[in-house]
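First the structure, in the form of structure tokens, and then the observations on it.
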Ligand SMILES: Nc1ncnc2c1ncn2[C@@H]1O[C@H](COP(=O)(O)OP(=O)(O)O)[C@@H](O)[C@H]1O
Ligand SMILES: [Mg+2]
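Residue numbers (the working numbering), protein chains in the order written: chain W, 1 to 234; chain R, 235 to 631.
So, in structure tokens, the structure goes:
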């Protein structure tokens, strides 16, 4: 299956031990195809962030495996995971994602600097910022831009290394409805235009309208797979 | 610029309070060391200076366990032909009991060290004559200069008073002489001149029954670094067993006075370095705060691909920035204090004026040490930062 970018197989995540152990995830399995826009929904405390952290290799599952681009990620060591995250994954978090001590442009370029492939990085970052309408803000320190703008900057940063999967954890959770709508539309259009796979955690299913697949979890378990066909754009 | 250096620099320079506090801790430690050096090394140098000027010269010539019997004029002439030699002067030391008669009553009767000097040669080889605050230096055969303490103990003798000194000559026979006070010496510090009296060397020779004999010859050089050379020249020129000369550089002649002081300085420096240790702890604390306040940023950086090592480098680099700024400030503070001490001829409660020199090598060493300490002090906080898990770090909103 060459176009399978993610495969989650039987993942458990247990926090704590013995009597106090919490099953944050219980036998979670699903897969994602290249270019899909996936929603993970569920109520607060259901395990959405935990699942996203497993996919993002920010934490390791207690049991089960996560395959990305066909690679068993449990075989990677710490440094390999870091460089894997850097080149294959893009992250957008709920709260301010940016380094306040860097400018907007520097934040977007940062993953490339970490990757040590800075050639043209600044130009590409500027192009991305232009796409999201922030070229005029790019030299501001990133704590000087609004919450909605910050999320758009984070989107640019998540894309600068042309990742296989972009992961977003409640990216609109902290925004007013107008900014939230802009952010959602931006992610969806970038998904369509650039073909990056998006996996987005939200508790507001409605906000996202049509998506390829919705994974609903409750108490750490997937309770249904909702698949929505969208018209294919070539 | 490497992104780790850039991020480290931004982290620390955009939190000015932390940067200033940490750099000041480093700078103050350097200042403390430098103040110690200025005061104690300055005091040491001042003592050496006075020992040279008043007592030993740069080269000090004596005879092993005996008086010099060769003509002092001949020896001085010989020495003064060496290009490095500015001047040379003979000295003869003795002890006498002294008393003065004031309004028909004898005041005090106690022992004082007596320094016999050649009135002409001595003013060229020694600056002892400059310590005469009141009156003039020894000249005629029966003139005497009293140390300020001696003068005070004799009931405030002044210039023009007469004093009596009782000597024992070489055969143990008492010799009583009357002298006219022509001057009072007043020195700051520890050379002991204020407890002594100074008189004409020929008078003293005659009293002691040692005509033409000399106890020591102090040699003043125009280039103090040539002391060993002059010493060797002299010993080679007068090698005979019967002369049995002994020549010493100032390090050798003043050794007993200076060795105790040197260990004192070592102790004080130790105190300074303990001060540095506490500044290192200040850096540790500030860096820990810095790491804590950057928890979220560290999480983000780890999430987008920074390795543990990169996080370590960021905070070590911060330590380098703190160390460099601290060393820069510390040098400015330290050199300013040194300049101030030098310009004002700093003294402490009437002690001798410090002999302040710029010890650039010492300052550089202190700077490097302080810099390294700031870096070392950053290792633990930086290590702590690498232990932050990206997920944990991100929990802080
Ligand atoms: N580090 C942790 N230690 C212990 N329990 C945790 C930890 N992280 C999450 N949990 C628990 O796991 C469950 C799922 O949490 P989370 O994935 O954050 O939920 P969601 O993102 O859906 O709101 C919750 O019960 C939460 O309290
Ligand atoms: Mg969550």
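Virtual Cβ for every residue (Gly too), placed ideally from N, Cα, C.
Since the model is a prediction, treat every value here as computed from it, not as a measurement.
Relative to ligand 2, residue 13/W has its C-beta separated by 7 Å or more from all heavy atoms. In the three-state reduction of the DSSP assignment, residue 565/R falls in the helix class, which pools H, G and I.
Non-local C-beta neighbours of residue 24/W in its own chain, meaning closer than 6 Å and more than five positions away in sequence, comprise 13, 15, 47, 50 and 220, ordered along the chain. Under the rule that a run must span 3 or more residues, the beta strand (DSSP E) segments found entirely inside the stretch 113-171 of chain W read 165-169. It is roughly 28 Å from the alpha-carbon of residue 497/R to the alpha-carbon of residue 361/R. For residue 23/W, no alpha helix (DSSP H) run applies; the uninterrupted beta strand (DSSP E) run containing it begins and ends at 22-33, by DSSP. Per the C-alpha coordinates, the member of 139/W, 203/W, 18/W and 54/W positioned closest to residue 172/W is 203/W. Here residue 398/R carries a strand assignment [DSSP, helix/strand/coil]. Fewer than three beta-carbon pairs drawn from the stretch 585-595 of chain R and the stretch 551-564 of chain R are found closer than 8 Å, and the two stretches are therefore not classed as touching. If only complete runs of 4 or more residues are kept, the stretch 354-432 of chain R shows the alpha helix (DSSP H) at 382-387, in order along the chain.
In the three-state DSSP reduction, residue 623/R falls in the coil class, being neither helix nor strand. Under the three-pair Cβ rule at 8 Å, the stretch 448-462 of chain R does not count as touching the stretch 236-247 of chain R. With respect to the 8 Å criterion, residue 44/W and residue 92/W are not classified as neighbours on the basis of their beta carbons.
Around the beta carbon of residue 574/R, fewer than 16 other beta carbons sit within 10 angstroms, so the residue counts as exposed.
Contacts between residue 192/W and chain R, judged by CB atoms closer than 9 Å, are missing: the closest CB pair is about 24 Å apart.
Going by beta carbons, residue 104/W and residue 140/W fall inside the 8 Å limit.
Shortest gap from the CB of residue 514/R to any heavy atom of ligand 1: 7 Å or more. Interface annotation, residue 540/R: in contact with chain W, CB-CB separation under 8 Å. Between the stretch 259-272 of chain R and the stretch 432-440 of chain R there are fewer than three inter-stretch CB-CB distances shorter than 8 Å, so the stretches are not counted as touching. The bridge partners DSSP lists for residue 541/R come to none.
Within the same chain, and ignoring the five residues on either side of residue 533/R in sequence, the residues whose Cβ sits closer than 6 Å to its Cβ are 624, 627 and 628. For residue 83/W, the closest Cβ of chain R is nearer than 8 Å. Unbroken alpha helix (DSSP H) runs of no fewer than 4 residues, entirely contained in the stretch 44-81 of chain W, are found at 48-55, following chain order. Judged by DSSP in its simplified three-state form, residue 285/R adopts helix.
Within the model, the alpha-carbon separation for residue 412/R versus residue 300/R is close to 28 Å. Secondary structure at residue 455/R: strand, using DSSP grouped into helix, strand and coil.
Contacts with chain R (Cβ-Cβ distance below 8 Å) from the stretch 107-125 of chain W involve 110, 111, 113, 114 and 115, listed in chain order. Counting C-beta pairs closer than 8 Å gives three or more between the stretch 150-164 of chain W and the stretch 80-88 of chain W, which meets the contact rule.
Taking a contact to require three or more Cβ pairs closer than 8 Å, the stretch 59-66 of chain W and the stretch 123-135 of chain W do not qualify as touching.
Annotation: residue 272/R to residue 569/R spans about 10 Å, alpha carbon to alpha carbon.
At the C-beta level, residue 348/R and residue 430/R come within 8 Å of one another. By the rule that beta-carbons nearer than 8 Å mark a contact, residue 237/R touches chain W. Residue pairing of residue 576/R in beta bridges, as defined by DSSP: absent, with no partner found.
Closer than 8 Å at the C-beta level to chain R, one finds these residues of the stretch 47-60 of chain W: 53, 56, 58 and 59. With the rule of 3 Cβ pairs closer than 8 Å, the stretch 246-259 of chain R counts as touching the stretch 511-527 of chain R.
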